Amino acid sequence: PLLADVEMLGAPDPELAATMGFSGFGKKARTFDLEAMFEQTRRTAVERSRKVLEAREREKEDQAEKEFRSPRTDSSASASSATGAGSTLTQRETACSESEDSSDEELTGPSMQSQTSAQGPAEDTDGDDEDDEFIGPPLPPGFKDSDDDNDDDTEEEDNNPVKKIPDSHEITLQHGTKTVSALGLDPSGARLITGGYDYDVKFWDFAGMDASLQAFRSLQPCECHQIKSLQYSSTGDVILVVSGNSQAKVLDRDGFPVMECIKGDQYIVDMTNTKGHTAMLNSGCWHPKIKEEFLTCSNDGTVRTWDVNNEKKHKSVFKPRSVQGKRVIPTTCTYSRDGKLIAAGCQDGSIQIWDRNMSVHTKFHCRQAHAPGTDTSCLTFSYDGTVLASRGGDDTLKIWDIRQFKKPLNSAERLPSFFPMTDCCFSPDDKILVTGTSVKKGGGSGKLFFFYRETFQKLYEIEVTDASVVRCLWHPKLNQIMVGTGNGLAKVYYDPVKSQRGAKLCVVKTKRKERQAETLTQDYIITPHALPMFREPRQRSTRKQLEKDRLDPMKSHKPEPPVAGPGRGGRVGTHGGTLSSYIVKNIALDKTDDSNPREAILRHAKEAEENPYWVAPAYAKTQPKTVFAEVEPEDDETDKPEWKKRKI
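Numbering (UniProt numbering), first residue to last: 1 to 648.
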């Protein structure tokens, strides 16, 4: 037998033990007999498993429809399994509650499939489940299971799609004072980026923000160009930035540049032969499957695809054409959900769709999708890939089946749009279509409209703010709606029950208190090994030191404000005390006299004649009467010949 008999050989001085803080000196260790413990555990396990088997046998005898099983084989198998299980039990398992032991021991019995076919056990387990449901007293008449309630709730939500809209709560992110023209969320929903007409791109981290809702980074990636579009790639590691210039940029998650597209040669007529765009960009987006490829469209009349790893040249060029075959400007572009199609909305009101691998001819074409001369601001495919929604500059929202592209499936009108990037998007379940409306200043509130996809019935509307609603984004993972407005706000709508993470993470965090200067008030030299005589008192807390300083009248003395004007009270004025500083201060003073100089001199004539002071006293004896020089009239030069006249 393995016996752990350990005894203390000697006890130290009790005073030393008390000093060192050990109270166990001088006591003997307990003795454990492990073999006896294992034997007791094994017996307990065998006895409990036998009770479980007897209960099962009674149930089997009561149920006549079940097949007869041999109790002897069951008892022998269970005894062997119980002894095996008992030999491996430890002391901690014996201390567990009886409920846990019984639930574990139910699994130690014989296999249910030992004497029946593959179909038999399934029927038996179903029967057991049914029996388990009816164990115990009958339920009261008004009782409903929680699962039934959940089923009813889901049925109600299916019947009423308005309940799926997460708008019970909202937070407001202050981007700036100008229009928020671009929104982007990474695939996981952890970070939001906003871009606007103020050239700024701001990064918001939901997990890192507190209730003060401050962006953790702000930058101007394209200098003085308005931001048109922002989008994370399918993997979320890079960001596409489309601005008002002709070169799209790609940034990493922290805002550092990864690549910049090349600018094309604007003197070449055929846009196929240039390496990049030559005019202002309008829109751009990432390929949904290929993480290195993205798409841009521009005022040069082309739609181009690019590779992140090759910034010297585009991959392919698509040139939309009007009915007459002339060049037409694409105002928006997008990929289909599978990435096989490229769609562009053009200024002539047409929507043109190409196969990604065939850049010459369009695969689908609708000439009069929207009014000619208006900017189609958004195209988006549904999640099932069969339906295309378009937001036109003619104040309409239309939905198309690209297989029957002649006329729209449904259309909604009187939805004003003043911006070339007004959005529309589908809900995560593909049943609702969302778009925003624009308003003039002081003309009411911008709204977010929700339409039912099948019938285009207006389900719901949200009054967002007293400015236009430009961008909207419904993230499928977070189930939250992001909205960009015309007055510099980015709003996030969410529901605490239906939504996940996102805005819910930062709302619950309290605002961090603004700490006062946590720096040391004076230089402090740390000398840990100095003698006590030379050791300086260590500052335990900056806050306590600041409180002590407030009590000190010398340190709490408010400095005198600067002297305005000339110096007083022994203090020199703000211009300084040197001559040069005085001259510099007064050199710019305007001392011009606009009065007539002759009148200013004659004002003193009478006084000078009565009381001469400068010239007359010097000649009082020698020349009492003043003699002035006679002024001879100038010769008249009119009689002189030309060559004698003075040349002025």
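Using N, Cα and C, we set each Cβ at its ideal position, and we do this for glycine too.
Model, not experiment: these values are computed from the prediction.
Unbroken stretches of the beta strand (DSSP E), 3 residues or longer, contained in the stretch 149 to 206: 169 to 174, 180 to 185, 191 to 196 and 201 to 205
As assigned by DSSP and simplified to three states, the class of residue 601: Here residue 601 sits in helix by DSSP.
Exposed unless 16 or more other CB atoms sit within 10 angstroms - verdict on residue 556: It counts as exposed.
Range covered by the alpha helix (DSSP H) that runs through residue 49: 34 to 62
Own chain, CB closer than 6 Å to residue 172, minus 5 neighbours either side, in chain order: 489 and 491
Helix, strand or coil at residue 259 [DSSP, three-state]: strand
Euclidean distance between Cα positions of residue 445 and residue 280: 31 Å
DSSP-derived helix/strand/coil call for residue 377: coil
At least three beta-carbon pairs within less than 8 Å, the stretch 362 to 381 to the stretch 402 to 419: yes
Three-pair Cβ contact test at 8 Å for the stretch 221 to 239 versus the stretch 286 to 293: yes
Integer Cβ distance of residue 205 from residue 216, believed to fall under 8 Å: 5 Å
Boundaries (first-last residue) of the alpha helix (DSSP H) holding residue 547: 542 to 551
Residues of its chain near residue 423, where Cβ-Cβ distance is below 6 Å and the 5 sequence neighbours each way are ignored: 378, 471 and 472
Boundaries (first-last residue) of the alpha helix (DSSP H) holding residue 506: 503 to 507
Test item: CB-CB of residue 450 and residue 461 under 8 Å: yes
Same chain only: Cβ atoms within 8 Å of residue 447, ignoring 5 sequence neighbours per side: 436, 437, 461, 462, 463, 464 and 469
Contacts around residue 226, its chain only, beta-carbon distance under 7 Å, and the 5 residues preceding and following it disregarded: 181, 197, 199, 243 and 244
For residue 583, the three-state DSSP class (helix, strand or coil): helix
Presumed contact (8 Å Cβ cut-off) between residue 349 and residue 368, rounded CB distance: 6 Å
In DSSP terms, what residue 278 is bridged to: Residue pairing from DSSP leaves residue 278 without any beta-bridge partner.
Of the residues 193, 266, 273 and 264, the one placed nearest residue 241, counting alpha carbons only: Checked all of 193, 266, 273 and 264; the closest Cα to residue 241 is 193.
Residue 283 beta carbon less than 8 Å from that of residue 346: no
Cut-off 6 Å between Cβ atoms - residues of its own chain near residue 477, not counting five sequence neighbours on either side: Once the five neighbours on either side are set aside, the close Cβ partners of residue 477 are 189.
Exposed unless 16 or more other CB atoms sit within 10 angstroms - verdict on residue 324: exposed
Spatially closest choice to residue 380 from 414, 336 and 415, by CA coordinates: 336
Given 8 Å, three or more beta-carbon pairs between the stretch 406 to 418 and the stretch 316 to 323: Flag = no, the stretch 406 to 418 and the stretch 316 to 323 do not touch.
Simplified DSSP assignment, three categories, for residue 273: helix
Cβ shell of residue 250 (< 8 Å), same chain only, five flanking positions each side left out: Closer than 8 Å at the Cβ level, and outside the excluded window around residue 250, lie 238, 239, 240, 241, 257, 258, 259, 260, 294 and 308.
Boundaries of the beta strand (DSSP E) in which residue 217 is found, first to last residue: Segment 217 to 219, the beta strand (DSSP E) holding residue 217.
Below-8 Å beta-carbon distance, residue 348 vs any chain B residue: Of the protein chains in this structure there is only one, and it is not chain B.
Proximity to residue 498 [Cα-Cα], best of 165, 44, 160 and 62: It is 165 whose Cα lies nearest to the Cα of residue 498.
Nonlocal neighbours in the same chain, by C-beta distance under 8 Å from residue 311, ignoring five residues either side: Only 259, 260, 261 and 262 meet the Cβ criterion.
Unbroken beta strand (DSSP E) run spanning residue 481, endpoints: 480 to 485
Start-to-end residues for the beta strand (DSSP E) that takes in residue 228: 227 to 232
CB of residue 504 within 8 Å of CB of residue 210, strictly: no
C-beta atoms of residue 179 and residue 486 nearer than 8 Å: yes
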